[in-house]
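Engineer:
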Amino acid sequence: MAEKEACFKRHARLLTAADFSRVFKDAQRSSDRLLTILAANNNLEHPRLGLAISKKNAKRAVDRNRIKRIIRESFRLHQADLPAADFVVMAKPVTKQASNSEIFKSLEIHWNRLRKLCEKSSSA
RNA sequence: GAAGUCAGCCGGGCAAUUGCUUUUCGGUCAUUCAAUAGUUAUCGAUUAUUACAUUUCGAUAAUUAUUGAAUGGCCGGGGGGAGGAAAGUCCGGGCUCCAUAGGGCAGAGUGCCAGGUAACACCUGGGGGGCGUGAGCCCACGGCCAGUGCCACAGAAAAUAUACCGCCCGGUUAUUCAAUUGAAUAGUCAGGUAAGGGUGAAAUGGUGCGGUAAGAGCGCACCGCGCAGCAGGUAACUGUUGUGGCAGGGUAAACCCCACUCGGAGCAAGACCAAAUAGGGGAGCAAUGGCGCGGCCCGCGCUGCUCCCGGGUAGGUUGCUUGAGGUGUGUAGCGAUAUACAUCCCAGAUGAAUGAUUGCCCCAGCGCAAGCUGGACAGAACCCGGCUUACAGGCUGACUUCUUAU
């Protein structure tokens, strides 16, 4: 896995309702103006990503697609540094107005914060 | 050159780096299946023997090797990967399942005529009406002399008509003039009148002449309207001749009448595979046990373990993209469109791919410049045909009007 660090295949995604509800039930939380990210340690050897962009927060399909693609791209580039955990990224109503670079910047801060939080909770 | 009308097209471009998805080819690994060959074991036949061993052949099982196929993982190479509206989900079809297979009612829809189409509320051509100098554009464009209903405000009156002001005639009263009779003015009573005024979206067809006490289709001419004939046209309708003298307001996206059309639900349709858990059916085993019914026996019910069976949830596979398909040429047609031949394969995701970053160019705005900022509407979800709505900017063609020059 370590050599192919820029890949983002199906096994790195949350696919079933069970996976999502597990994260929502017991998670580390990190949020700012644009996004909220939930994280919960999994028993695998790599991190996984789930997206929760509701129609309520981004009405147009174009906006939803754009937000999802940016989050996925950012996750792909940072996943080598992330701990083995499941992450669920949630958008807010203002997210659709933000530019691409603003969202990338916000995500970078979140990843750093969550890495520390997960390390603390797994060692405890 | 300016203003405008119609039709069609495009929807930023190139490069680098790095991802996703699908397909194809090659390599590699794993699993499964098949074939062939070898080894071992067992069984049968054969040979041999007193009987085995032995020889040869066949079957079954295990295992090894090779080859092929399928599935999955990884690596490498090649190809494809959002729209003109993918949107709204407003119509019409295909497809699937259910119901019915005949007729009627109810309900919904359509509404000038002809054609096109799988079908339509769409499109084409034609007719009629309205708007525009014009190119052109717009029209829910059947029927209120089958019936029922509604018509605010204003106005006298909103429909079997009716008389507020006015106009006219007659009676009568008063006043004045003239003086038996009469005339004028004012009031009042009865009648005639739809010309004029005023109200309104709308008031019993319009204009002119005649006519009359005043008026009135009361009469006449023209226009409008109704009816009938003739001519043209497939038809809608148009033209024309005669005739009736005027029927009688609007509203049918009011009920309704007439003609025609229409089963219901939808890809979360439907088909297949199928864990875990609980429960159902069957077979076997063990105990001849345990619990309940009972005083006891028999018997009945529940209870253990193993295997099999069907239903079926999560989940997965399929449906799923070759189609009323695109492009080109010819033919038929005014056209929508049809047809023949050639050629092409052009997204198939599913917690949902089609992207991100950087550079250069292009366009727009700001600025003297360097430069800075921005680049529309918007994202496939079974597939087609339409309609409607949104849209920065740009390109092409045809036509109209005005102005200038020739």
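In our numbering, each residue's number is its place in the first sequence (first place is 1) plus 280.
Beta carbons are placed, not taken as given, at the ideal position from N, Cα and C, and that holds for glycine.
For Pro363 and Lys336, what's the separation of their Cα atoms in angstroms?
Structural biologist: Their Cα atoms are separated by approximately 31 Å.
Engineer: Going by the beta-carbon positions, is the gap between Ile351 and Arg344 smaller than 8 Å?
Structural biologist: Not in contact: Ile351 and Arg344 (Cβ atoms no closer than 8 Å).
Engineer: Would you grab the beta carbon distance between Ala307 and Ala320 for me? Rounded to a whole angstrom, and I think it's under 8 Å.
Structural biologist: At roughly 5 Å, the Cβ-Cβ gap stays under 8 Å, so Ala307 and Ala320 are in contact.
Engineer: Looking at the unbroken beta strand (DSSP E) that takes in Arg313, where does it start and where does it end?
Structural biologist: Arg313 -> no beta strand (DSSP E), and no H or E assigned at all.
Engineer: Straight-line CA distance for Arg393 to Arg340?
Structural biologist: Arg393 and Arg340: Cα-Cα distance of roughly 30 Å.
Engineer: Please name the residue, chosen from Val374, Ile347 and Ala365, that lies closest to Lys400 on a Cα-to-Cα basis.
Structural biologist: Measuring from the Cα of Lys400, the nearest candidate turns out to be Ala365.
Engineer: Comparing C-alpha positions only, which one of Gln359, Ser310 and Val374 sits nearest to Glu325?
Structural biologist: Closest by alpha carbon: Gln359.
Engineer: Three-state secondary structure (DSSP) at Ala365?
Structural biologist: If DSSP states are grouped into helix, strand and coil, Ala365 belongs with the strands.
Engineer: Considering only the beta carbon of each residue, do Ser386 and Asp299 sit closer than 8 Å?
Structural biologist: Going by C-beta atoms, Ser386 is not nearer than 8 Å to Asp299.
Engineer: Hey, out of Leu315, Arg309, Val303 and Ser310, whose CA is closest to Lys376's CA?
Structural biologist: Here the closest residue by C-alpha is Leu315.
Engineer: Given this structure, state the Cα-to-Cα distance separating Ala378 from Asn322, to the nearest angstrom.
Structural biologist: Approximately 31 Å between the Cα atoms of the pair.
Engineer: Is DSSP giving Arg356 helix, strand or coil here?
Structural biologist: Here Arg356 sits in helix by DSSP.
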